[in-house]
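Single-structure report; data block below.
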Amino acid sequence: MNKLDPVVFKLGAALYISQIFESSLILLHMLIDEDERHTEITKIADNYSKKTLGNLLNLLKRRIDVPQKSLDYIFEAIGLRNSIVHGYLISKENLVKFESEEGITSLVNDLDYKLKEIRARDYYVCGLIDQ
Numbered sequence: 224m225n226k227l228d229p230v231v232f233k234l235g236a237a238l239y240i241s242q243i244f245e246s247s248l249i250l251l252h253m254l255i256d257e258d259e260r261h262t263e264i265t266k267i268a269d270n271y272s273k274k275t276l277g278n279l280l281n282l283l284k285r286r287i288d289v290p291q292k293s294l295d296y297i298f299e300a301i302g303l304r305n306s307i308v309h310g311y312l313i314s315k316e317n318l319v320k321f322e323s324e325e326g327i328t329s330l331v332n333d334l335d336y337k338l339k340e341i342r343a344r345d346y347y348v349c350g351l352i353d354q
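Everything in the sequence shown is counted per the numbering used here, starting at 224 for the first residue and increasing by one.
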């Protein structure tokens, strides 16, 4: 086993959870589109899948009545997700951490924290879907 494997595995899990969160938002929008039920479902899904996560959340804010505090909670996932997706492994701050066991442990712990936080926000969005 390579010493970087724990980071790579945790990064994969965090990216997966980030994608699940985004998919939950797309599903929520699709369910809101009751008046478009006659439209082919793949066309609706394709429309939302082309939007950025920020656009999906801003659109959600306009479409359903959710308290601002809850929206802020959901919006925190954007920053967490973006810090993972956009250069996590090549940022200057993280590159130096690959040089030591403590640094690698720090990366794994950071990814684990972000994964759990994004998952919590996904659970919240799934609660909106269930309503």
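Glycine included, each C-beta is placed from N, C-alpha and C at the ideal position.
Every value quoted in this text rests on a predicted model; they were computed, and no experiment measured them.
Expected contact under 8 Å - CB spacing of residue i and residue j to nearest Å
i, j, result
"Leu279", "Phe298", "The Cβ separation is near 11 Å, so there is no contact."
Distance CB(residue i)-CB(residue j) smaller than 8 Å
i, j, result
"Val348", "Leu282", "no"
"Ile327", "Lys226", "yes"
Closest Cα partner of residue i within the set the options
i, options, result
"Val230", "Asp353, Asp345, Leu330, Leu351", "Leu330"
"Thr275", "Gln242, Ser314, Arg344", "Gln242"
"Ile249", "Ile240, Asp269, Tyr239, Ala300", "Asp269"
Span separating the alpha-carbon of residue i from that of residue j
i, j, result
"Lys355", "Asp288", "The chain is shown only over 224 to 354; residue 355 falls outside these bounds and no answer can be derived."
"Lys292", "Phe244", "18 Å"
"Val308", "Glu322", "22 Å"
"Ser247", "Asp345", "7 Å"
"Ile341", "Gly277", "14 Å"
"Arg285", "Leu254", "15 Å"
"Lys233", "Ser272", "25 Å"
Across the region 333-352 and the region 301-309, are there enough close Cβ pairs to call them in contact, namely three or more that are closer than 8 Å?
yes
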